[in-house]
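Student: In the numbering used here, the protein residues as written are 22 to 196. The structure is given below, and queries will be raised subsequently.
So this is what it looks like as structure tokens:
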């Protein structure tokens, strides 16, 4: 488990379906995806991450408020195809009723720190559809910088942000 001042990031369980479905099936939350997820896609999302934990020791994790125990999103490391390369990516989704409260950047910062402390990756990435300004702002907030943009069949244009291990080591906002 990864903890911050306000959050716990833990592995998914099958019991997370209802809370995750509320997030991933929401049209506003998923505006930068091809479409909101249906029930089967949410179940696959959970199963995919359970498989990632077993295979790699990481994946997206449930983001839970310490104060109430409510699951408000997910955040973690996955390996994503970014402009043709398989790269470690920090991904995040936060329930829209918790937007603009710093939870996304708090969770992503904790995952960034965990990844550099527990993996050998020398660089971590975040990529997003060019219109996803909130996701871009979260990447910048955790010390990433835009390193490229590229044409993408899924996103039209994707922005790629990154932070190197050396840049992370120079920062003072570690956990």
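Note that beta-carbon positions come from the ideal geometry of N, C-alpha and C, so glycine has one too.
Determine the DSSP secondary structure at residue 194, reduced to helix, strand or coil.
Tutor: If DSSP states are grouped into helix, strand and coil, residue 194 belongs with coil.
Student: Identify every run of the beta strand (DSSP E) within the segment 98 to 126, keeping only runs that are complete inside it and at least 3 residues long; order them along the chain.
Tutor: Taking only runs of at least 3 residues, the beta strand (DSSP E) segments lying wholly in the segment 98 to 126 are 106 to 115.
Student: Quick check: the segment 115 to 125 against the segment 143 to 153, are there 3 or more CB pairs under 8 Å?
Tutor: At 8 Å Cβ cutoff, the stretches do not touch.
Student: Buried or exposed, going by whether 16 or more other CB atoms sit within 10 Å of the CB of residue 133?
Tutor: By the 10 Å Cβ count, residue 133 comes out buried.
Student: Tell me the DSSP bridge mates of residue 143?
Tutor: Partner(s): none; residue 143 has no beta bridge.
Student: Tell me which residues share the same chain as residue 86 and place their Cβ nearer than 7 Å to its Cβ, disregarding the 5 neighbours each side in the sequence.
Tutor: If we look at residue 86 and ignore the five residues flanking it on each side, its Cβ neighbours are 27, 28 and 93.
Student: Taking 8 Å as the cut-off, does the segment 136 to 148 touch the segment 63 to 74 (at least 3 CB pairs, one atom from each stretch)?
Tutor: Verdict: no, contact absent.
Student: Suppose the cutoff is 6 Å on Cβ atoms and the five residues either side in sequence are ignored; what does the same chain contact list for residue 46 look like?
Tutor: Cβ within range, chain order: 57 and 58.
Student: List the DSSP bridge partners of residue 24.
Tutor: Partner(s): 29.
Student: Whole angstroms is fine: what's the gap from residue 131's alpha carbon to residue 166's?
Tutor: Whole-angstrom Cα-Cα distance: 17 Å.
Student: For residue 77, count the other beta carbons within 10 Å of its own beta carbon; 16 or more makes it buried, fewer makes it exposed. Which is it?
Tutor: Residue 77 should be labelled exposed.
Student: I'd like to know whether the C-beta atoms of residue 110 and residue 54 end up nearer to each other than 8 Å.
Tutor: No, the pair does not count as a contact, with Cβ atoms beyond the cut-off.
Student: Give me the Cα-Cα distance between residue 158 and residue 22, rounded to the nearest whole angstrom.
Tutor: Rounded to the nearest angstrom, the two C-alpha atoms are 25 Å apart.
Student: Less than 8 Å between the beta carbons of residue 129 and residue 184, yes or no?
Tutor: In this structure, residue 184 does not lie closer than 8 Å to residue 129 by Cβ.
Student: Measure the Cβ-Cβ separation of residue 142 and residue 179 and say whether it is below 8 Å.
Tutor: No, the pair does not count as a contact, with Cβ atoms beyond the cut-off.
Student: Could you check where the alpha helix (DSSP H) with residue 38 kicks off and where it finishes?
Tutor: Residues 38 to 45.
Student: Measure the C-alpha to C-alpha separation of residue 186 and residue 171 and round it to an integer number of angstroms.
Tutor: Distance between the alpha carbons of residue 186 and residue 171 is about 24 Å.
Student: Is the beta carbon of residue 41 less than 8 Å from the beta carbon of residue 95?
Tutor: Yes, they are a contact pair.
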